[in-house]
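Engineer: The structure is given below, and queries will be raised subsequently.
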C-alpha cells in the first residue's frame, strides 16, 4: 500500500490555523509492522500465552491428521469415519481455542485503541496493527503446532510398536508437508478472522466509548 | 513533584523553542472566526439504557475564546464529561453542532476527524491513559508518529516537552514506574505534541492527591499562558476555579451559569457543599 504523501512538514503549524482540516496521513504498512512487532516483543509473555492457544489447537489438529495419514488408505471403513469425525472435532476445538485467545487479547486493549484514536490514529491503522500481529503469531504458532503435533504422534507410534518398522510405512515426508500446508493456513486464517472482528469493532466505536470500557 | 521555580525557568526555554500557538493560529484565519476556537450550539445527547432514554445534554451552547482557560464544573452525572466528549470529537451529539476553528465537526469524515484529533486537540484524561508498554518518551512521541513526522523530529519534540513538564530525568520510564502526578505530566506533554490549539482535560486531577493536583493545575495554567493554548477542563475540583478565566457550571444537562473569575472570588465560600453530592 502506498503512503498518501500528505505534505506534513510544518502542517502542525498551519494546519489548525485556518479551517485547513485535511484528511489524516495514512501511515505505511511498514509503520504498522513496526508497531505490531514491538507490541509482540514488549508483551512477550502475554503474546506467548495467546500463541499457546493457537499452538495447542493446531497441534491437536496436526496429530489427528497424522494418525489418519499413518493409518493409510487400507483401514476399515469404521475406523476411517471415526478419524474423519476426529478431524472435524479437532478443527472445531482449534477454532474455539484460537477465537478465545484472540478475543481476549484484543478486548484487553480496548482502552489502548481508544487512546490511539484520540491521538489521531486512523481506524484502518489500528486494525492493521492487530492483523499483522495476529497473522505473525498465527503462522509461527501453527508451524510449531504442526511440528509438535505431527512429531509427537509419530514418536508415540514408534514407541508403542518398536518391533514393527512398517508402522510408519504409509507415512512419507510428502504426507507430513501436506499436513503442514493444511495446518498453517488454517491456523493463520482462524487467527486473522478471530482478530478482525473485535479489532474492527474496537476501531469503529467512538473513542469516548472505547475509553469507557473496563476490562 | 512540585512545579517549582526551576520548572518555570526551564519552561521559559521550552516556550522559546516552541513558539506560542496563538500567534500562529491567528495567522491566516478566515475573517470573522478570530475570536472563538470552540463554538457549541444546542447540543443534545441521549443515551439508551435498556428501555429508558437518558438525556445527558439538553441543549448546551457555549463559545470559547482563543487562549482562554475554561473550567466546566458540575456534579457527576451532570453531563459535563459528555459535553467534554462532544467538543473533543470523541462522541457525536444527537443534535446540535460543534465548531472547532470554524469547522463544523459534523461535516468531517473519519480521516479529517482523525486529523483534527491529531493536530488541533490535545487530550488529557482522569485515568492518564498512557500506553502501558511504552516509555514516557515513546508515549509523548506517539502523536507525532500519527502526524507523519520523522522519528528524529518526534523524539526531539518529545524530549523538549518532557523537559517543559519537568520530567527530563524520566524519559525511559514506563508508566508503571511513574507516580500518578508524573504520569499526568507525561499525558500533558503528550497532549501538546502536535502544537494543538486546544487542550481538553477531563478531570485531570481526579486521580491525584491534593498537592499533586495543585501542581498539575499550575502546570496547565502555565502552559496556557506560555504556549497560548486554550485549556478546557471538565472537573469538580474547586482548586481549578482559582486559575480559570471562566467557569461554566453544568447541571442536569444544561448550562446553569457562566461566571468570570472576578465574580467567583466573591462567593467562593459557598461552593464547597455542592461538590459533596458528586
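Chains as they are written, first to last, in the working numbering: chain A, -8 to 206; chain B, 219 to 496. We treat Cβ as the ideally placed atom computed from N, Cα and C, and that holds for glycine. All values reported here derive from a predicted model rather than from experimental measurement.
Would a check of beta-carbon distances place residue 3(A) closer than 8 Å to chain B?
Structural biologist: Note on residue 3(A): pLDDT 40, under 50, position unreliable in the model; the coordinate value appears next. Yes - at least one Cβ of chain B is within 8 Å of the one on residue 3(A).
Engineer: So what's residue 352(B) in DSSP terms, helix, strand or just coil?
Structural biologist: If DSSP states are grouped into helix, strand and coil, residue 352(B) belongs with coil.
Engineer: Give the secondary structure of residue 365(B) by DSSP, where H, G and I count as helix, E and B as strand, and everything else as coil.
Structural biologist: coil
Engineer: Bridge partners of residue 452(B), per DSSP?
Structural biologist: Residue 452(B) is bridged to 290(B), 420(B).
Engineer: Of the choices 142(A), 94(A), 181(A), 129(A), whose alpha-carbon is the least far from that of residue 163(A)?
Structural biologist: 142(A)
Engineer: Report yes if the C-beta distance between residue 55(A) and residue 72(A) is below 8 Å; otherwise report no.
Structural biologist: No, they are not a contact pair.
Engineer: Beta carbons nearer than 8 Å to chain B: which residues of the segment 93 to 112 of chain A have them?
Structural biologist: Cβ contacts with chain B: 102, 103, 105, 106, 107, 108, 109, 110, 111, 112.
Engineer: Based on Cα-Cα distance, which residue from 200(A), 184(A), 70(A) lies nearest to residue 121(A)?
Structural biologist: 184(A)
Engineer: Can you list, in chain order, the residues of its chain with a C-beta nearer than 7 Å to that of residue 302(B)? Leave out the 5 residues immediately preceding and following it.
Structural biologist: Excluding positions up to five away in sequence, the list reads 290, 418, 420, 452.
Engineer: I'd like to know if residue 33(A) contacts chain B, where contact means its C-beta is closer than 8 Å to some C-beta of that chain.
Structural biologist: yes
Engineer: Taking the C-alpha atoms as reference points, what is the distance between residue 183(B) and residue 47(A)?
Structural biologist: Shown here, chain B extends from 219 to 496; a query on residue 183(B) therefore has no answer.
Engineer: What span of residues does the alpha helix (DSSP H) with residue 69(A) cover, start to end?
Structural biologist: 68 to 98
Engineer: Checking 8 Å against the spacing of the C-beta atoms, do residue 319(B) and residue 264(B) come in under that value?
Structural biologist: No, these two residues do not count as a Cβ contact at 8 Å.
Engineer: Would you call the CB atoms of residue 376(B) and residue 337(B) closer than 8 Å?
Structural biologist: no
Engineer: Here's a check: name, in chain order, each residue in its chain whose Cβ is nearer than 6 Å to the Cβ of residue 504(B), leaving out the five neighbours to either side.
Structural biologist: Not covered by the structure: residue 504(B). The range shown for chain B is 219 to 496.
Engineer: For the segment 12 to 29 of chain A, which residues have a beta carbon sitting closer than 9 Å to at least one beta carbon of chain B?
Structural biologist: 12, 13, 14, 15, 16, 17, 18, 22, 26, 29
Engineer: To the nearest angstrom, how far is the alpha carbon of residue 278(B) from that of residue 93(A)?
Structural biologist: In a straight line, the C-alpha of residue 278(B) is about 41 Å away from that of residue 93(A).
Engineer: What distance in whole Å lies between the Cβ atoms of residue 477(B) and residue 469(B), which are believed to be in contact at a cut-off of 8 Å?
Structural biologist: Going by Cβ atoms, the distance from residue 469(B) to residue 477(B) rounds to 13 Å, so no, they are not a contact pair.
Engineer: Under 9 Å Cβ-Cβ, which residues of chain A neighbour residue 217(B)?
Structural biologist: Because chain B spans 219 through 496 in this model, residue 217(B) falls outside it and cannot be assessed.
Engineer: Please confirm if the segment 424 to 442 of chain B is in contact with the segment 349 to 365 of chain B, defined as three or more CB-CB distances below 8 Å between the two stretches.
Structural biologist: no
Engineer: Check whether the segment 32 to 42 of chain A and the segment 169 to 181 of chain A are in contact - that is, three or more C-beta pairs closer than 8 Å.
Structural biologist: no
Engineer: Helix, strand or coil, according to DSSP, for residue 474(B) in the structure here?
Structural biologist: Residue state, collapsed to three classes: strand.
Engineer: Give a yes or no on whether 8 Å exceeds the smallest Cβ distance from residue 202(A) to chain B.
Structural biologist: yes
Engineer: Output the boundary residues of the alpha helix (DSSP H) element that contains residue 117(A).
Structural biologist: Annotation: the continuous alpha helix (DSSP H) that includes residue 117(A) extends over 114 to 151.
Engineer: What residue ranges within the segment 291 to 329 of chain B form continuous beta strand (DSSP E) runs of no fewer than 3 residues, ordered along the chain?
Structural biologist: With a minimum length of 3 residues, the continuous beta strand (DSSP E) runs that stay inside the segment 291 to 329 of chain B are 313 to 318.
Engineer: To the nearest angstrom, report how far apart residue 100(A) and residue 74(A) are at their CA atoms.
Structural biologist: Taking the straight line joining both Cα atoms gives about 39 Å.
Engineer: Does residue 422(B) pass the burial test, meaning 16 or more other C-beta atoms within 10 Å, or should it be called exposed?
Structural biologist: buried
Engineer: Determine which residues share a DSSP beta bridge with residue 466(B) and list them.
Structural biologist: Under DSSP, residue 466(B) takes part in a beta bridge, and its partners are 290(B), 476(B).
Engineer: I'd like to know if residue 379(B) contacts chain A, where contact means its C-beta is closer than 8 Å to some C-beta of that chain.
Structural biologist: Among the CB atoms of chain A, none fall inside 8 Å of the CB of residue 379(B).
Engineer: Per DSSP, what kind of secondary structure is residue 389(B) in: helix, strand or coil?
Structural biologist: In the structure shown, residue 389(B) sits in coil (DSSP, three-state: anything other than H, G, I, E or B).
Engineer: Does residue 17(A) come out as helix, strand or coil in the three-state DSSP assignment?
Structural biologist: coil
Engineer: Under a CB-based cut-off of 8 Å, is residue 193(A) close to chain B?
Structural biologist: no
Engineer: Does the Cβ-Cβ distance between residue 406(B) and residue 355(B) come in under 8 Å?
Structural biologist: no
Engineer: Can you list, in chain order, the residues of its chain with a C-beta nearer than 7 Å to that of residue 435(B)? Leave out the 5 residues immediately preceding and following it.
Structural biologist: 423, 457, 458, 461
Engineer: For the beta strand (DSSP E) containing residue 258(B), list its first residue and its last residue.
Structural biologist: 254 to 267
Engineer: For a quick check, are the C-beta atoms of residue 24(A) and residue 104(A) less than 8 Å apart?
Structural biologist: no
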